Amino acid sequence: MLVIDFNTKKSIREAFGRELVELGRKYPQLVVLDSDVSCSTQTSLFAKAYPDRFFDMGIAEQNMITTAAGLSLTGKIPFAATFAVFATGRTYDQIRMSVCYQKANVKIIGTHGGITVGEDGATHQALEDISLMRGLPNMTVIVPADCNECIQALDYAAEHKGPVYIRIARNSLPDVYPAEYKFNPDKAVLLKEGSDLTIISNGDVLAEAIKAAQLLSEEGINAEVISIPVIKPLDSKTIVDSARKTGFVVTVENHSIYGGLGSAVAECLSETLPARVLRIGIQDTFGQSGTPKELLNFYGLDAESIVKRIIGTHDSTKISN
Numbered sequence: 012m013l014v015i016d017f018n019t020k021k022s023i024r025e026a027f028g029r030e031l032v033e034l035g036r037k038y039p040q041l042v043v044l045d046s047d048v049s050c051s052t053q054t055s056l057f058a059k060a061y062p063d064r065f066f067d068m069g070i071a072e073q074n075m076i077t078t079a080a081g082l083s084l085t086g087k088i089p090f091a092a093t094f095a096v097f098a099t100g101r102t103y104d105q106i107r108m109s110v111c112y113q114k115a116n117v118k119i120i121g122t123h124g125g126i127t128v129g130e131d132g133a134t135h136q137a138l139e140d141i142s143l144m145r146g147l148p149n150m151t152v153i154v155p156a157d158c159n160e161c162i163q164a165l166d167y168a169a170e171h172k173g174p175v176y177i178r179i180a181r182n183s184l185p186d187v188y189p190a191e192y193k194f195n196p197d198k199a200v201l202l203k204e205g206s207d208l209t210i211i212s213n214g215d216v217l218a219e220a221i222k223a224a225q226l227l228s229e230e231g232i233n234a235e236v237i238s239i240p241v242i243k244p245l246d247s248k249t250i251v252d253s254a255r256k257t258g259f260v261v262t263v264e265n266h267s268i269y270g271g272l273g274s275a276v277a278e279c280l281s282e283t284l285p286a287r288v289l290r291i292g293i294q295d296t297f298g299q300s301g302t303p304k305e306l307l308n309f310y311g312l313d314a315e316s317i318v319k320r321i322i323g324t325h326d327s328t329k330i331s332n
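Numbering (this note's numbering) for the sequence shown: 12 to 332.
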């Protein structure tokens, strides 16, 4: 049984910044690029530790990506960081042609992903970034759910040869994994076994999905919970095995329901084991300004709203039997 302290939260951005410093010690060839938001992304920690290996590219994200690609071709391991909405949207052509087409060893870190960017509003809320990145050949896409998983995902990215996109949240997060958790890029994580339905999630809303499963249990509904930190390449086997057992899959993501986690799961099941899929995420709309808590509630991504969506489906009688 999962035991999570939902009231104790840690900054995943700070964990990212501190781990960059540790990776800098391990890899002398590692360099970091940022686009004038180093205090927000926390790459400022690396800049302080290794000023000669840090490059502030200014508000010129396209130049940042092409420079990172060039540095990778000289043997460097570049980590390029900025807000997710700019890291992927403003730079898509550069990522496609300079990074993915060449299989350049560039690691792109999109911070401030999803609606939980909060008060900055729609212009800064990346709701399409995962869709953009998972559609690119040679790109690995990772969405960590807590600080421990973020650190391990960064370690993996530094070792992996090829393009990687890691999306992290702005908001602080509770620890959702046990201390002994080991990140495996090839495997999804079964967090809770269940028989009535499967909830699949990742990133900062995984905690809400876990809480939703706990609330469902109070209604007599036994939900299986699976975390999928790596959306591409996707661990199809774990998804199919769970869907075969429960027959009903619910995806929860802080992203548009088009092209992200929900789409990946639906594609997998439609090809392998047709099953009912309910995608909970941002519908065909932009975000807006508000606190993270207000926005999660407004867009139906808090635990209570997730439960209402699940129970409110026309198959709810089947779920509870």
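Note that the Cβ used here is the ideal one computed from N, Cα and C, for glycine as well.
Quick caveat: nothing in here was measured; it's all calculated off a predicted structure.
Nearest to residue i by CA position, among the options, is which residue?
{"i": "residue 296", "options": "136, 242, 202, 223", "result": "136"}
{"i": "residue 181", "options": "228, 309, 154, 293", "result": "154"}
{"i": "residue 145", "options": "218, 274, 290, 125", "result": "274"}
{"i": "residue 118", "options": "133, 99, 88, 320", "result": "88"}
{"i": "residue 42", "options": "14, 15, 91", "result": "91"}
{"i": "residue 72", "options": "58, 49, 258, 85", "result": "49"}
{"i": "residue 199", "options": "13, 70, 190, 212", "result": "212"}
{"i": "residue 172", "options": "162, 116, 63", "result": "116"}
{"i": "residue 219", "options": "185, 244, 196, 30", "result": "185"}
{"i": "residue 47", "options": "93, 30, 86, 230", "result": "93"}
{"i": "residue 9", "options": "228, 229, 226, 245", "result": "Residue 9 is absent from the model: the chain starts at 12 and stops at 332."}
{"i": "residue 6", "options": "51, 25, 64", "result": "Since the first residue shown for the chain is 12 and the last is 332, residue 6 is missing from the structure and cannot be characterised."}
{"i": "residue 70", "options": "62, 102, 108", "result": "102"}
{"i": "residue 13", "options": "61, 192, 230, 62", "result": "192"}
Taking just the CA atoms, how far does residue j sit from residue i?
{"i": "residue 28", "j": "residue 54", "result": "5 Å"}
{"i": "residue 75", "j": "residue 205", "result": "45 Å"}
{"i": "residue 183", "j": "residue 20", "result": "5 Å"}
{"i": "residue 328", "j": "residue 255", "result": "Caution applies to residue 328, whose pLDDT of 44 falls short of 50 and renders its modelled position unreliable; the value that the coordinates give is listed next. Near 19 Å, if we compare the C-alpha coordinates of residue 255 and residue 328."}
{"i": "residue 418", "j": "residue 56", "result": "Because residue 418 is not part of the residues shown, which for the chain are 12 to 332, the question remains open."}
{"i": "residue 194", "j": "residue 17", "result": "21 Å"}
{"i": "residue 190", "j": "residue 59", "result": "29 Å"}
{"i": "residue 251", "j": "residue 66", "result": "44 Å"}
{"i": "residue 291", "j": "residue 112", "result": "33 Å"}
{"i": "residue 319", "j": "residue 32", "result": "43 Å"}
{"i": "residue 68", "j": "residue 162", "result": "24 Å"}
{"i": "residue 167", "j": "residue 279", "result": "25 Å"}
{"i": "residue 106", "j": "residue 82", "result": "14 Å"}
{"i": "residue 23", "j": "residue 158", "result": "5 Å"}
{"i": "residue 114", "j": "residue 149", "result": "6 Å"}
{"i": "residue 37", "j": "residue 44", "result": "18 Å"}
{"i": "residue 85", "j": "residue 97", "result": "25 Å"}
{"i": "residue 284", "j": "residue 160", "result": "29 Å"}
{"i": "residue 25", "j": "residue 77", "result": "26 Å"}
{"i": "residue 216", "j": "residue 282", "result": "27 Å"}
{"i": "residue 231", "j": "residue 225", "result": "10 Å"}
{"i": "residue 138", "j": "residue 309", "result": "15 Å"}
{"i": "residue 108", "j": "residue 229", "result": "51 Å"}
{"i": "residue 257", "j": "residue 249", "result": "12 Å"}
{"i": "residue 317", "j": "residue 272", "result": "16 Å"}
{"i": "residue 259", "j": "residue 15", "result": "25 Å"}
{"i": "residue 110", "j": "residue 147", "result": "10 Å"}
{"i": "residue 286", "j": "residue 61", "result": "51 Å"}
{"i": "residue 51", "j": "residue 324", "result": "40 Å"}
{"i": "residue 227", "j": "residue 243", "result": "29 Å"}
For residue i versus residue j, is the C-beta spacing smaller than 7 Å?
{"i": "residue 261", "j": "residue 210", "result": "yes"}
{"i": "residue 187", "j": "residue 151", "result": "no"}
{"i": "residue 237", "j": "residue 253", "result": "yes"}
{"i": "residue 311", "j": "residue 142", "result": "no"}
{"i": "residue 100", "j": "residue 156", "result": "no"}
{"i": "residue 293", "j": "residue 267", "result": "yes"}
{"i": "residue 134", "j": "residue 303", "result": "no"}
{"i": "residue 223", "j": "residue 314", "result": "yes"}
{"i": "residue 164", "j": "residue 177", "result": "yes"}
{"i": "residue 79", "j": "residue 123", "result": "no"}
{"i": "residue 288", "j": "residue 277", "result": "yes"}
{"i": "residue 130", "j": "residue 300", "result": "yes"}
{"i": "residue 265", "j": "residue 132", "result": "no"}
Tell me residue i's beta-bridge partners as DSSP assigns them.
{"i": "residue 204", "result": "According to DSSP, residue 204 bridges with nothing at all."}
{"i": "residue 119", "result": "91, 176"}
{"i": "residue 259", "result": "287"}
{"i": "residue 236", "result": "203, 210"}
{"i": "residue 267", "result": "293"}
{"i": "residue 243", "result": "152"}
{"i": "residue 65", "result": "43"}
{"i": "residue 21", "result": "184"}
{"i": "residue 340", "result": "The question about residue 340 has no answer, for the chain in this structure spans 12 to 332."}
Return the Cβ separation of residue i and residue j in integer angstroms, given the expectation that the two are a contact with Cβ distance under 8 Å.
{"i": "residue 202", "j": "residue 221", "result": "7 Å"}
{"i": "residue 140", "j": "residue 121", "result": "6 Å"}
{"i": "residue 322", "j": "residue 208", "result": "In fact, because the Cβ distance is near 11 Å, the residues do not count as touching under 8 Å."}
{"i": "residue 298", "j": "residue 306", "result": "7 Å"}
Kindly say whether residue i, judged by its beta-carbon, lies nearer than 7 Å to any beta-carbon of chain C.
{"i": "residue 259", "result": "The structure shown contains no chain C; it is built from a single protein chain."}
Is it the case that the CB of residue i approaches a heavy atom of the ligand SAH more closely than 6 Å?
{"i": "residue 91", "result": "With respect to the ligand SAH, the structure offers nothing, as it holds no ligand at all."}
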